[in-house]
Amino acid sequence: MKHLKSTLLLLAILVLATSCFEDGDDVTNPDSVSLEVKDFVWSGMNIFYLYKENIPNLADDRFSSNTEYSEYLNSYTSPEALFESLIYDSENTDRFSWITDDYIALEAQFSGVYTTNGVEFSLYLAPNSTTNLVGVVRLILPNTDASTNGVKRGDIFYAIDDVTLNVDNYTQLLSQSTYTLSFADYNDNGTTDTTDDTIVANGTTASLTKSTYTENPVHTTNILTVGGQNVGYILYNSFTSGSEDELNNIFANFKSNNVAHLVLDLRYNPGGSVATETYLASMITGQHTGEIFTKLVRNDNFDESNYLFTNQIEEGGSINSLNLEKVYVLATDKSASASEGLINGLRPYINVIHIGENTVGKTQASVTLYDSPNFGRTGANQNHTYAMQPLIANGVNKNNEQVPSTGLTPTVGFEYTESPTNLGVLGDENEPMLALALEDIENSTGKSSATKLEINNTSLIFIKDSNDFNPLDGGMRID
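Read in order, the letters of the sequence shown correspond to residues -24 to -1, 1 to 455 in mature numbering (1 follows the signal peptide of the UniProt record, and there is no 0).
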């Protein structure tokens, strides 16, 4: 990959470098560091940003002198303000680029290390209320405080530290490192009329403490038998780089158990590594080695990159492939980026049955840029820990089709929205979304006849998901 940088930028960097320290003083000047970071922001975006052509201030000939360039950088109060000014159509087109002042935390997050008590949840307005909230637990991370304290998927909580959750206090209450959840039951009073629904405290509580946690993105795996055939199931929550080895071992087990069908559960998967995505696609198939799985189309500074189906993990073993012609993917409005890319990349080759909802609609890939001569981690400026995660490419499949901004739509007849009062047990054959796939496998009709579209007869109105509290979560990333 070639890194292009204008002569003006090189001169500007030299000017900035010579102004970083006061004469005879080894203390870093904060103003100089701020200027260094702003230069890093502009130059990185000028080279890599996918939508460079849409931002006049990123044009190569934008500045006629070093003075003009420095004045431009100094006109912004912070690196963050400069970065935000360079984002194209943040409401619609680029909703996903970001900047951080702590790339140590960023790297930990990308490797699956973060602070949590193990509860992932969705917040809703309480029945017939415009201010009070309830939380519904949708996922419990194993080996966390929540898992050892008996909190389970489907539990409803209404208060923290005896304070009722509402639209004004939930952020403060949930951001604490330690708190006590108070649980309740949902009461529909035996009617389908939601106006008489209530939340009734059940006297159960759980005191939880957050701690540093390394997540295994493979949450659940199982082999089910349907109609005399073995069905593999994987709940995969992040395309974390390095998890391909565990996935490969799982597929080896599937092969040895003659798994004939696969249900890949990406309902809570916000994305991750394009390389890991490609490895997983190769495990699902196996008959398309060497063919294009996905292409990344960049700005005019770069050629497009092709990711090919492969039979080998780099610096690893041979890929265990199932050679499937059909796969079931469970995907929702929390499935994004690499999750969507997997569906989109497989569709030209095999039949992908998408069960669930419209996905997020993120077709672009990003990369971590550091303040170093080649924008990589090695040689990063020691005066600060800023890094950027700008969008730098559009992901398209073999046929140049990209994920629409409105998301991927589920296969006709397989539409399903999770009901917060009937979530089921993940990986269990009776869990509603998995049951749709198993019903179709058993009937072999190509269209589910399951009693699936259970009407969500609750008055719960969605407000926020726990993943929304984490700006670093998800995305399709180039390693």
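Note that beta-carbon positions come from the ideal geometry of N, C-alpha and C, so glycine has one too.
Put simply, the backbone Cα of T92 is about 15 Å away from that of T147.
With respect to the 8 Å criterion, G403 and N198 are classified as neighbours on the basis of their beta carbons. Under a 10 Å Cβ-count criterion, T261 is classified as buried, with 16 or more other Cβ atoms of the shown protein chains found around its own Cβ. Of the residues L240, T174 and S315, the one whose Cα lies closest to the Cα of G166 is T174. Taking 8 Å as the cut-off, the Cβ atoms of S294 and N287 count as close. Between Y27 and Y52, the C-beta gap is not smaller than 8 Å, which leaves the two residues out of contact.
Classified as exposed, P349 has fewer than 16 neighbouring CB atoms from the shown chains inside 10 Å of its CB.
The bridge partners DSSP lists for S158 are A135 and T181. Distances from the alpha-carbon of F390 to those of M409, N398 and G383 put M409 closest. Annotated as proximal: N178 and F159, with beta-carbon spacing under 8 Å.
Only residues of its own chain outside the window of five on either side were considered, and among them T361 have a CB closer than 8 Å to the CB of I80, listed in chain order. The C-alpha of H237 lies about 58 Å from the C-alpha of Y48. T335 is positioned such that its CB atom lies closer than 8 Å to that of A307. Only buried fits I417, as 16 or more other CB atoms lie within 10 angstroms of its CB. Looking at the backbone, the Cα of L115 and that of N245 are separated by about 12 Å. Here the C-alpha atom of A57 lies approximately 18 Å from the C-alpha atom of N30.
Counting only residues of its own chain and dropping the five nearest sequence neighbours on each side, G203 has a CB closer than 6 Å to the CB of E418. Rounded to whole angstroms, the Cβ separation of L367 and S66 is 11 Å, and the two are not in contact under 8 Å. Excluding the 5 residues flanking it on each side, N373 has same chain C-beta neighbours closer than 7 Å at T270, N320, G321, R323 and P324, in chain order. Assignment of F227 by DSSP, reduced to helix, strand and coil, places it in the helix class. Counting of Cβ neighbours within 10 angstroms places K128 among the exposed residues, the total staying below 16. Under the three-state reduction of DSSP, Q85 is assigned to helix.
By the beta-carbon neighbour count (other beta carbons within 10 angstroms, threshold 16), G352 is exposed. E391 has G332 as its beta-bridge partners, per DSSP. Positions of the beta strand (DSSP E) runs, each at least 3 residues long and wholly inside the segment 305 to 360, are given as 327 to 332 and 340 to 342 in order along the chain. Excluding its 5 nearest sequence neighbours in each direction, T107 has C-beta neighbours in its own chain below 7 Å: N142 and V143, listed in chain order.
In terms of CA proximity to S87, E191 leads the group M21, E191 and T124. About 7 Å separates the Cβ atoms of Q378 and G371, confirming a contact at the 8 Å cut-off. Straight-line measurement puts the Cα of L399 at about 44 Å from the Cα of G20. For G111, the closest of D131, D37 and G355 by C-alpha to C-alpha distance is D131. Your pair A363 and L384 does not check out as a contact, with CB atoms roughly 30 Å apart and the cut at 8 Å.
Annotation: T354 to V343 spans about 15 Å, alpha carbon to alpha carbon. When C-alpha distances from I439 are compared across A102, S40, V17 and N213, the shortest belongs to A102.
In this structure, I329 lies near Y304, with their beta-carbon atoms less than 8 Å apart. Cβ-Cβ distances below 6 Å link E220 to T252, Y255 and I289 in the same chain, with the five nearest sequence neighbours on each side left out; the list follows chain order. A straight line joining the alpha-carbon of F445 with that of I75 spans about 16 Å.
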